[in-house]
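Engineer:
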Amino acid sequence: MLITLPPDYRPHDDEEFMSAQQQAYFRQKLLRWRQDLLREAGETLASLSVGGIAEADLTDRASVETDRALELRTRDRARKLISKIDQALERIETGTYGYCEETGEPIGLRRLEARPIATLSIEAQERHERMERVHRDD
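Taking our numbering, the leading residue of the sequence shown gets -4, the next gets one more, and so forth.
1. If you draw a straight line from the C-alpha of Cys121 to the C-alpha of Leu115, how long is it?
2. Rounded to a whole number of angstroms, what is the C-alpha to C-alpha distance between Ala109 and Asp55?
3. Could you tell me how far apart the beta carbons of Trp28 and Ile87 are, in whole angstroms, since I believe they sit closer than 8 Å?
4. Taking three-plus beta-carbon pairs below 8 Å as touching, is the stretch 94 to 111 in contact with the stretch 31 to 40?
5. Taking DSSP as the reference, what is the three-state secondary structure of Tyr4?
6. What runs of the alpha helix (DSSP H), each 4 residues or longer, lie entirely inside the stretch 103 to 130?
7. DSSP on Tyr92, reduced to helix/strand/coil?
What follows is the structure in structure tokens.
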């Protein structure tokens, strides 16, 4: 079922949580984000394939190499993010999007708006981070 959203639509708390309209909104948001990341990755690939480092000065060469390494790390993060976006899109299709993986409770619209790939509610995420800190200190 294809839902057309008004251009100014934003999910709000007085709607049914994860209604068809909200799902369509987050699907569009995730697809746009994914498309932007793929476009940026293509631009990076094009700029990196324009040839080798032609800088004669060692300082300039080191600067260019550092910039390229940073760009490659950024692209690797984007690749991982695309994978998380794909997982979120799959959760929309299966009807589990927007619900905490640990508790099954709604994650919350404000959190999903800020981080549409979230899989945990704020409370569950805080518990998870506290446990990581405790075990990291061991």
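Here a beta-carbon is modelled for each residue, glycine too, at the ideal position from N, C-alpha and C.
Structural biologist: In brief:
1. Looking at the sequence itself, residue 121 is Glu, so the reference to Cys does not match. Between Glu121 and Leu115, the C-alpha separation is close to 9 Å.
2. 39 Å
3. The Cβ separation is near 13 Å, so there is no contact.
4. The stretch 94 to 111 vs the stretch 31 to 40: no contact.
5. coil
6. 104 to 109
7. coil
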